[in-house]
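Just so you know, the sequences run in chain order Z and S. Just so we're aligned, residue 5 is where the first sequence starts under this note's numbering, counting upward by one. Just so we're aligned, residue 5 is where the second sequence starts under this note's numbering, counting upward by one.
Number of protein chains: 2
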Amino acid sequence: MKIEEFARRIGMPVSTISKALNGYADVSAETRAHVLRAARRLGYSPNPLGRRLRQKSSDAIGFVLSPPQTGFAHPFFLNMLMGIDEGLVETGYHLIITTARSLESEVDTFKRLVEKQHVDAMIFSRTRRNDPRIAYLQKRRIPFATFGRSETGKPFPFVDIDYAAAGREGVRRLLARGHRRIALVNSPTHYMFSCYRRQGYEAALRDCGIAPDPDLYVEEDITEDGGAHGLQRLMRAASPPTAVLCGHDLMAIGVMRTLVAAGKRPGQDVAVIGSDDDPIGRYFNPALTTFSAETRRAGQRIVQLLLAAMQGTPAKALQEVWTPQLIPRASDGPA
Amino acid sequence: MKIEEFARRIGMPVSTISKALNGYADVSAETRAHVLRAARRLGYSPNPLGRRLRQKSSDAIGFVLSPPQTGFAHPFFLNMLMGIDEGLVETGYHLIITTARSLESEVDTFKRLVEKQHVDAMIFSRTRRNDPRIAYLQKRRIPFATFGRSETGKPFPFVDIDYAAAGREGVRRLLARGHRRIALVNSPTHYMFSCYRRQGYEAALRDCGIAPDPDLYVEEDITEDGGAHGLQRLMRAASPPTAVLCGHDLMAIGVMRTLVAAGKRPGQDVAVIGSDDDPIGRYFNPALTTFSAETRRAGQRIVQLLLAAMQGTPAKALQEVWTPQLIPRASDGPA
DNA sequence: CTCCGGCTCGAAAACGATTTCGGACCGGTG
DNA sequence: CACCGGTCCGAAATCGTTTTCGAGCCGGAG
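Here is the structure:
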């Protein structure tokens with residue numbers, strides 16, 4: 005049913021109906037209620053395609069999954085996806101997702117979504133220190149919110165996890181257990197969160213009067229193989245580490261694999277700590293000590309921040325940094 | 005730029021341009037090429053909102069994730085999602101996803117997407133024997149394709165995994181290893197794939213002259229707790245199983261957990277086989293023997309089938325059943 | 001009585017495409 | 001010459017809203 009027919013049926017002008025439905029001020033509460041009731045009764049609801057054309061909006065927000073080959077932590081993204089979807093329910097927006105093929109084509113993916121398919125706003129994660137996606141969106145004045153901070157451009161809404169704190173706490177815990185040669189198998193530092201982790205790691209060492217040893221620091225892909233390769237590099241050092249902090253649980257598993265292959269027992273001979281609480285860590289033997297990352301709740305929250313920003317709340321007030329919790333298990337030594 | 009301005013600029017009528025862009029027959033190859041070149045040169049591309057209104061299509065297909073609490077196998081869905089997205093690239097369609105809150109509200113989720121948000125077609129998984137989603141979509145004549153068969157309605161395109169074969173092969177393998185009391189901790193049989201698994205399981209037993217024992221068959225949620233609870237029920241039997249086939253790797257892990265808690269060693273005292281090759285299985289100790297499930301490739305294929313169906317290919321020709329491969333590891337006994 | 005604010009009405013102009021339709025041109029065929 | 005198929009042209013209708021605008025009504029305040 006078109007709005008004209010509906011108007012005829014309830015004997016009201018089209019304009020009043022449209023205004024009632026769209027919350028205009030110059031229609032009395034009474035008429036509005038009447039229209040809403042009639043609409044429900046007759047099953048009228050405005051055709052979204054028509055309204056979208058008129059309003060130049062698409063009622064959709066886009067979410068871009070990072071390219072798989074750059075280290076794709078399954079539960080991480082799926083939980084975030086679910087959180088976003090949950091945050092979106094009852095808002096009238098729907099969720100369009102797509103995956104970037106590669107790091108290079110990431111901005112193109114954004115352009116495709118923004119320019120051709122018409123989403124009203126974007127959400128993404130894995131922000132980088134210098135992030136072309138942010139530059140692009142701000143230039144085009146497309147609203148967005150992210151998981152993670154960046155040094156690019158003007159303030160924007162985000163939720164982030166305090167990875168500096170994670171790095172610091174990880175080091176402190178290992179120091180308290182008597183370790184002195186603590187390595188960091190980090191994720192690549194073009195990601196902001198890797199930078200913060202490194203900062204926290206080095207700061208905590210210095211606090212105890214230990215100078216960070218370049219031989220104990222490597223960067224690798226956020227994958228199991230990345231972790232495995234990272235530890236291989238570390239073991240070439242003159243004096244190898246007795247404890248390893250990792251950029252992600254998957255990397256930690258790779259580290260432990262290499263450890264085992266070299267005849268060492270993770271959790272006994274060498275302490276290992278991961279990050280982001282991938283479910284795999286619980287099942288691994290020894291169970292992986294790690295840091296929490298509530299990506300599902302983060303997804304929900306990011307949606308709220310984004311919507312607030314689209315309604316005019318200044319971005320400065322829409323930035324949250326959450327403190328991760330250590331989840332002690334067995335891989336960093338006997339309790 | 006609107007089409008009118010573009011038309012003026014290249015000195016051609018609007019109608020010819022539109023026809024050229026939409027592949028009509030009554031425009032020569034020459035003019036079409038000319039229009040396309042000019043469009044690229046001047047950066048014109050038709051506003052999707054306008055064309056969608058006119059064509060009453062939304063250039064989008066919807067994918068519904070099953071509700072988490074019904075047993076949400078993370079990598080399973082994320083891989084499928086990635087496959088779908090990969091299948092969709094270059095087709096001009098985009099992907100709208102949403103999650104159903106509960107089994108009951110599943111059809112409502114579909115209605116919301118189909119009636120309000122306007123997707124042109126749907127993809128979903130976890131088909132059930134009697135599936136209201138299928139009934140609804142066929143009644144409304146909305147194209148769709150699924151992961152999994154169903155007994156509902158008329159033929160439709162799908163990719164499915166031959167879970168009957170998995171059940172059969174699992175039993176055969178366990179029989180070959182000398183087991184006689186083989187249990188099945190199955191997923192709920194309102195899912196089609198659970199039915200097929202059960203059929204294969206029972207058929208293989210009968211082939212060897214063993215009557216399926218009702219005490220060795222339970223159904224549980226597709227979660228770790230479901231598996232754990234299933235084995236608890238089985239252990240109450242007078243003569244408990246020496247081997248357990250499971251509906252999913254997560255369930256198998258629950259089974260093994262209960263086994264360990266009862267002082268039995270999975271893989272030595274009791275053989276366990278899972279299903280669907282969840283990455284967790286690789287890391288578990290003992291590593292989980294399971295069956296492959298190429299959900300990523302399935303997602304890609306389902307998109308192809310769906311698009312073919314939308315272009316008129318009869319559904320009968322768009323149905324594929326893939327045979328799963330056994331992935332032998334340690335949990336079903338020493339090699 | 002006049003004026004004004006709050007509300008309603010109806011018509012009409014966007015929004016940006018696709019599609020139809022009648023007319024015209026042009027080269028070739030009968 | 002008449003006719004035809006293949007192209008191209010232009011104008012106009014259509015998709016279903018939202019939004020604007022001028023006009024009108026009514027009750028209460030001044």
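Built from N, CA and C at the ideal position, the CB exists for glycine as well.
Asked	Found
For the segment 115 to 143 of chain Z, which residues have a beta carbon sitting closer than 7 Å to at least one beta carbon of chain S?	K120, Q121, H122
Which class does Q323(S) belong to by DSSP, given the choice of helix, strand or coil?	strand
In chain order, which beta strand (DSSP E) runs of at least 3 residues are fully inside the segment 88 to 175 of chain S?	98 to 103, 125 to 129, 148 to 151, 162 to 165
Return the first residue and the last residue of the alpha helix (DSSP H) that I214(S) is part of.	Neither: I214(S) is in no alpha helix (DSSP H) and is coded neither H nor E.
Buried or exposed for N83(Z), please, with buried defined as at least 16 other CB atoms from any protein chain shown within 10 angstroms of its CB.	buried
Between the segment 77 to 104 of chain S and chain Z, which residues of the former have CB atoms less than 7 Å from a CB of the latter, in chain order?	H78, P79, F81, L82, M86, D89, H98, L99, I100, I101, T102, T103
Please classify A42(S): does DSSP put it in a helix, a strand, or coil?	helix
By the 10 Å Cβ neighbour count, where 16 or more other Cβ atoms means buried, how is T317(Z) classified, buried or exposed?	exposed
So does A208(Z) have its beta carbon nearer than 6 Å to some heavy atom of the ligand ZN?	In the structure shown, the ligand ZN is absent, as is every other ligand, since no ligand is present at all.
Just confirm the distance between the C-beta atoms of M126(Z) and I65(Z), as a whole number of angstroms; I'd bet it's less than 8 Å.	7 Å
Return the chain-ordered list of same chain residues with a C-beta closer than 8 Å to the C-beta of R105(Z), the five sequence neighbours on each side being excluded.	P71, T113
From the beta carbon of P52(Z), is the nearest beta carbon of chain S less than 7 Å away?	yes
Can you tell me whether DSSP reads A275(S) as helix, strand or coil?	strand
Cβ of L57(S) less than 7 Å from any chain Z Cβ?	yes
When the cut-off is 7 Å and only beta carbons count, does N26(S) lie next to chain Z?	no
Distance, Cα to Cα, S22(S) vs D124(Z)?	26 Å
Tell me the rounded alpha-carbon separation between R45(S) and F197(Z).	41 Å
Taking Cβ-Cβ distances shorter than 9 Å, what residues in chain S pair up with P72(Z)?	M86
Does I226(S) get closer than 7 Å to chain Z when you measure Cβ to Cβ?	no
Along the segment 260 to 293 of chain Z, what residues have a CB closer than 8 Å to any CB found in chain S?	P283, I284, Y287, F288, N289
In this structure, how does DSSP classify I65(S) when only helix, strand and coil are distinguished?	strand
Output yes or no for whether 7 Å exceeds the beta carbon distance between T327(Z) and A208(Z).	no
If contact means a Cβ-Cβ distance below 7 Å, which residues of the segment 238 to 260 of chain S contact chain Z?	I257
So is S335(S) buried or exposed if we call it buried at 16+ other beta carbons inside 10 Å?	buried
Unbroken alpha helix (DSSP H) runs of length 4 or more, entirely within the segment 215 to 303 of chain Z: which are they?	228 to 239, 253 to 265, 284 to 287
Closer than 6 Å by C-beta to P216(Z): which residues in its own chain qualify, once you throw out the five before and the five after it? Chain order, please.	E206, L209
Pull up the DSSP beta-bridge partners for L311(S), would you.	Per DSSP, none; premise fails for L311(S).
Write down the C-beta distance between H233(S) and S191(S) rounded to the nearest angstrom, noting that I regard them as a contact closer than 8 Å.	That pair is no contact at about 13 Å.
Tell me, to the nearest whole angstrom, how far the beta carbon of L249(S) is from that of A339(S); I am working on the premise that it is less than 8 Å.	Contact doesn't hold; Cβ gap of about 18 Å is too wide.
Quick one: residues in its chain with C-beta nearer than 8 Å to the C-beta of R185(S), no 5 flanking neighbours on either side, listed in chain order?	D217, L220, S243, P244, P245, T246, A247
Using the beta-carbon of each residue, which ones in chain Z are nearer than 9 Å to S49(S)?	E119, K120
Start and end of the alpha helix (DSSP H) containing V18(Z)?	18 to 25
Whole angstroms is fine: what's the gap from Q329(Z)'s alpha carbon to S296(Z)'s?	5 Å
If you drop the 5 nearest sequence neighbours on each side, which residues of the same chain put their C-beta closer than 7 Å to that of R137(Z)?	E110, V111, F114, F128
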